[in-house]
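Participant: In this note's numbering, the protein residues as written are 104 to 274. Glycine residues also receive a C-beta, built at the ideal position from the N, C-alpha and C atoms. One structure coming up, written as structure tokens, with questions to follow.
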């Protein structure tokens, strides 16, 4: 049995994951407008991943017999100043998501809710990957993205990314 607090936090995480998808679609639109279709592709795939994360939290609640309460999703607040600024915002956002998942984990730990902790273990690892991907993209942009040729090649690399649905199994 999940505590009321953990259920509330999990419901809130659904909103945060779906907001992340919305944010990354907005960033994809920015890069599309700038003609960088590889960056656009990278962010569309990020949006798909975040949507799926929200659906995993939803399914976890349903599988445990709890009602899902969908919360309003705000519009992304950003005006994008530069290609590099967007990438910095991605890392900052992923760090916020990591903090939120850690908060849920801490609440589950306090409740000795081992089932939820086990469920969250996948997300803890996923957030490590998300933050690393954002950091790596920032580094690549700093190294290669400041010249037209380097930006073109980085855009081509990002355009080759393909979507792979999460492999988390929910019992």
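Return the chain-ordered list of same chain residues with a C-beta closer than 6 Å to the C-beta of residue 121, the five sequence neighbours on each side being excluded.
Facilitator: In the chain shown, residue 121 corresponds to position 18, counting from 1. Counting only Cβ-Cβ distances below 6 Å, and skipping sequence neighbours, we find 157, 176.
Participant: Starting from residue 228, trace the alpha helix (DSSP H) both ways and give me its first and last residue.
Facilitator: Sequence index remark: in the chain shown, residue 228 carries index 125 (1-based). Where residue 228 is concerned, the enclosing alpha helix (DSSP H) stretches over 217–247.
Participant: Considering only residues of the same chain and omitting the five flanking positions on each side of residue 142, which have a CB-CB separation below 7 Å?
Facilitator: Counting from one through the chain shown, the residue named residue 142 turns up at place 39. Cβ within range, chain order: 134, 258, 261.
Participant: For residue 220, collect the residues of the same chain with a Cβ closer than 7 Å to its Cβ; drop the 5 residues on either side in sequence, then sort them by chain order.
Facilitator: The residue given as residue 220 occupies position 117 in the chain shown. The residues are 208, 211, 212.
Participant: Leaving out five residues before and five after residue 164 in sequence, what residues of the same chain have Cβ atoms less than 6 Å from its Cβ?
Facilitator: Along the chain shown, one-based indexing puts residue 164 at 61. For residue 164, where only same-chain residues beyond five positions count, the Cβ hits under 6 Å are 113, 171.
Participant: With respect to the alpha helix (DSSP H) encompassing residue 270, which residues constitute its N-terminal and C-terminal limits?
Facilitator: Residue 270 sits at position 167 when you count from the first residue of the chain shown. Element bounds for residue 270: n/a, residue is neither H nor E.
Participant: If we require 4 or more residues per run, which alpha helix (DSSP H) segments fall completely within the segment 106–150?
Facilitator: Counting only runs of 4 or more, we get 107–136.
Participant: Taking a contact to mean a Cβ-Cβ separation below 8 Å, would you say residue 162 touches residue 197 in this structure?
Facilitator: Within the chain shown, the letter at position 59 stands for residue 162. Within the chain shown, the letter at position 94 stands for residue 197. For residue 162 and residue 197, no; Cβs fall outside 8 Å.
Participant: What first and last residue would you give for the alpha helix (DSSP H) that runs through residue 194?
Facilitator: Within the chain shown, numbered from 1, the residue matching residue 194 stands at position 91. Unbroken alpha helix (DSSP H) run through residue 194: 186–213.
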